[in-house]
Each structure stands twice: as structure tokens, then as C-alpha cells.
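Trainee: Per the working numbering, the sequence shown starts with residue 512, numbered consecutively. Backbone N, C-alpha and C fix where the C-beta goes; we use that ideal spot for every residue, glycine too. I have a structure here, written as C-alpha cells, and I will follow up with some questions on it.
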Amino acid sequence: MKHVKQVKLYVANRNENCTECNFCKNFVCPSLEECIGCGACYLACPNEAVEMKEREVERHIRIKVDGETFSVPDKITVKKALEIVGYEFSKFPERGKIFAPCEVGGCWSCAVEVDGELKPSCVTPIRDGMRIETHVESYKEPKRLVHGFSGHTVGGVGTPWWLKGYGYIEAACFACGCNFRCPQCQNWTTTYCGKDLPLTPGIAAELMTKLRRAIGVDRMAISGGECTLNRKWLIQYIQELKKLNPDKEARFHVDTNASILTGDYIDELVNAGMTDIGIDVKGLKLETFQRITGLDSKLAEIYMKTEWNALKYVLDNYSSEVFVGVGIPYNRDLISMGEVREIGERIAEMDDEVQVCVLDYRPEFRSRIKRPTFQEMFEVWKVLHETGLKTVICQTVHGYIGPDGKLSL
Ligand code: FES
């Protein structure tokens, strides 16, 4: 039996901020008493009412990892156990490391085989005698949490603006889990959802196809959370969707923060059938990107560079076959008008015709920012229009400002 290194262990505790909203019940742990220190509720609590406190090891148990036996502390996650015995995890996909970007059980990128079944290592508790296999490449069908299959009247960043306002324009679903920690996350109940039925790409594609038929649309979108985190899942999902929707009218739309979208990943998405993409850029300056995403500087730098590269790559290589939309955040507490202008200039240099949607960031999740006024958003529209961009749309409290500068409801 192998010895393992000593590590710090944690347990979650509620503090006085708790309002008993019970959002933390969105995770797999049955109760705080049985806490395995995964930290999902700490990341997810909108009231910041959870603190992670160090704890003592109570007892050790035996587990088998890739055929070798180890003794590890009880009441920890499979991921923690793997780290203790020497496996490495990463927040950006790296060869030889297990990718664990969301850490709330949403994306299943960190999945390993646990007693013969695929499970997300970041939130799965270990137990005495457990058998873990980390080589899961042979699993034909990955899984992840996806929910909210529904018809949409507005669409996302990658939805052509001229379609808005005609009833349902898209069938959409939302992938749980995200690699960003935006304090003002606009879709936090999806981002921090770790307790739902995981779906294979085939089942999700069937659900989406049924929804498309039921509401009579051609566009099928996936957003999040961050839908690109589980690459194998997303590629298979689009392939399956294309098989089930072979007609020329069908459109397959991916809305993403593009933070892990390398050129080869984009090639794979286009080959799978992706026809539309919405890419959010969260800033041009590192400090802005960090403020908006809540990430430390090293990780923020990698993600920000990747998303800008992804935008350039897709515009340089696929603008004739893929509809591209770019999302920009605006709220004066998060980004200056000067930086918005610089972002506009940079995008205009790449392609002045590309659709640019400005999203007016409102108070959500943990953030108490004020939603921008209509006048502020009109100012943003003018600033971006002046950079030479021809298709600027701004979301406002009263509807959206279209490329002609006029308000539509
Ligand atoms: S990192 Fe474990 S499910 Fe996303």
C-alpha cells in the first residue's frame, strides 16, 4: 500500500449571512454534517454565507487508483484523493492533467470511472474500498449536466439581430458549470448547478430536436454556464444534432466565453456542424477581465488571450460559413467607456461587419452594481459605431438599440 502526502482538508460552515435560501441544495452533498469539502456550495452561495474551514483527519480509508492501493483521509472528494496520490488537475486543458474547470459537478470534464461508473471527481465522495480508473478515453459517450430546454424569443450573442421580435426564434439549452467566477454572473443558477440528471450527447440532441419540432424553429442553441468545457461532449452533441436535423435550414449555434477555444477546437466544432457562434469578450485590459470574471491574474491572462485569439481565428477562417456574433459587457463599475472604444477598434480591425452585441450588466448573483441606464447604453452604441463597426446592437432597459441606432422592443 502506498503512502500519501499530508494535505490540508476543509469543511464548509455557514455564517451569519445565510438566509436559508437553500440554493446550496443544488449540490450532491446530503448535508453539511457529511461535508466532503468540495467547495461547491462555497462557490455557489449568492449570499457568501459559506466559509471553508480547515479540519483534522478523522480516519484513513483504502482506495484503489488505476490498480494501485492507497490510504487516504476519509470525507474527501475523489479529486482531492487523486491529488493526494499524485495526479494533477488543471483549469486550462493540458496534456497529462485532468481538466477540472467548474468544480461544482456541472461540466463532468473531470469525470473518472468510480466503481465502474463515470462520475465527476470534483464532487464525488470517496468511500472505503472504492476503485477509481482515471483513463476514461474509451468511454464512448461522455456525460454532463445540461438543462433548461426551452423556446427563446431573443436568442444569444450569436443570433442574427434581424431575427429578434418574431416569436420563438431559437430552441435553447444551457450547460451547467463554468470556469469563470463572475460576481455578477447573469445565469448563476445554471452556472452553479451540480445536481441534475447528467445527459449523454445523444439524449440531449434528441431532447433538442423534439423541442425544435414542438416550437417550429430552425435554430438550436447551446449556452450556459460554459458549454465548451467538456469538449468531447459538445462535439458529439453537435454531430448527433446534425444527424437528427439533416435539413438545410437547421442551424447549430454555440454561445461561449471562448476561454478554452483553441484553433483546433474551433476546427472540430465547424467540422461537427456548428453554423453560428457567439463569443463573449470580457475586456481588453487584464484588470478589467479579472474584475468581470473574478479570476486570479495568471488564469485570467490565459483565458483572455485565448478568447481574443479564438475570435480572430474564427473570423479569419470561417466568416463565410459560420455566423459570428461578439458579446461585450458594459457597466461603468466594471469597464470604462475608453476600454469599450478600444475593444470596438480592435474588433473593427478584424472585421467591421461582424455583429457586436453589448450586454448591459445588471446586479445579479453577488454583485450590487446598478444596471446601466438607457442613456448610458446609447452612449456605448455611439462610441462603438464611431469605431467603424457597422452592426452594433445594445441591450437596454427598454429593449435593444439596433444597428441603425433606433430602439426596438
Ligand atoms: S470540474 Fe468537475 S464537474 Fe466540472
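Determine the DSSP secondary structure at M785, reduced to helix, strand or coil.
Mentor: Three-state DSSP puts M785 in coil, outside helix and strand.
Trainee: Can you tell me which of the three DSSP states H663 falls into?
Mentor: Here H663 sits in strand by DSSP.
Trainee: Within the present structure, is the beta-carbon of A551 separated from the nearest heavy atom of the ligand FES by less than 7 Å?
Mentor: No, the ligand FES has no heavy atom inside 7 Å of this Cβ.
Trainee: With which residues is E644 paired in a DSSP beta bridge?
Mentor: E644 pairs with E624.
Trainee: Would you tell me roughly how many angstroms separate the C-alpha atoms of E579 and V634, rounded to the nearest one?
Mentor: When rounded, the distance between both Cα atoms is 22 Å.
Trainee: Can the beta-carbon of V792 be found less than 8 Å from the beta-carbon of G855?
Mentor: Going by C-beta atoms, V792 is not nearer than 8 Å to G855.
Trainee: At 3 residues or longer, and completely inside the segment 727-789: list those beta strand (DSSP E) runs for me, N to C.
Mentor: DSSP runs (the beta strand (DSSP E)) wholly in the segment 727-789: 730-735, 762-767.
Trainee: I need the boundaries of the beta strand (DSSP E) containing I574, first residue and last residue.
Mentor: From DSSP, the beta strand (DSSP E) with I574 extends over 571-576.
Trainee: With DSSP run on the structure shown, which of helix, strand or coil describes E545?
Mentor: Correct three-state label for E545: helix.
Trainee: Are the beta-carbon atoms of T907 and D871 separated by less than 8 Å?
Mentor: Yes; because the gap between Cβ atoms is below 8 Å, this pair is in contact.
Trainee: At the level of alpha carbons, what is the spacing between K675 and L593?
Mentor: Rounded to whole angstroms, K675 to L593 spans 48 Å at the Cα level.
Trainee: If C687 sits next to C704, beta carbons under 8 Å apart, how far is it from one beta carbon to the other, in whole angstroms?
Mentor: Between C704 and C687 the Cβ distance is about 4 Å, and since that is below 8 Å, they are a contact.
Trainee: Between the C-alpha atoms of E681 and G849, what's the straight-line distance to the nearest angstrom?
Mentor: One C-alpha to the other measures close to 34 Å.
Trainee: Counting C-beta neighbours from all protein chains within 10 Å, is the total for R723 16 or more, i.e. buried, or is it exposed?
Mentor: By the 10 Å Cβ count, R723 comes out buried.
Trainee: Count Cβ pairs between the segment 756-764 and the segment 723-742 that sit closer than 8 Å; are there 3 or more?
Mentor: Contact between the segment 756-764 and the segment 723-742 is present, because at least three Cβ pairs lie under 8 Å.
Trainee: Whole angstroms are fine: how far does the CA of H764 sit from the CA of Y829?
Mentor: About 14 Å.
Trainee: With a threshold of 7 Å (Cβ to nearest heavy atom), would W619 be considered close to the ligand FES?
Mentor: It does: the Cβ of W619 is within 7 Å (strictly closer) of some heavy atom of the ligand FES.
Trainee: Which ranges would you report for the alpha helix (DSSP H) in the segment 817-865 if only whole runs of at least 4 residues count?
Mentor: Listed in chain order, they are 848-861.
Trainee: Could you say which of E887, R566, N741, E853 lies nearest to G616 if we only look at CA atoms?
Mentor: Checking every option, the nearest Cα to that of G616 belongs to N741.
Trainee: Quick check: the Cα distance between P914 and S831, rounded to an integer number of angstroms?
Mentor: Their Cα atoms are separated by approximately 21 Å.
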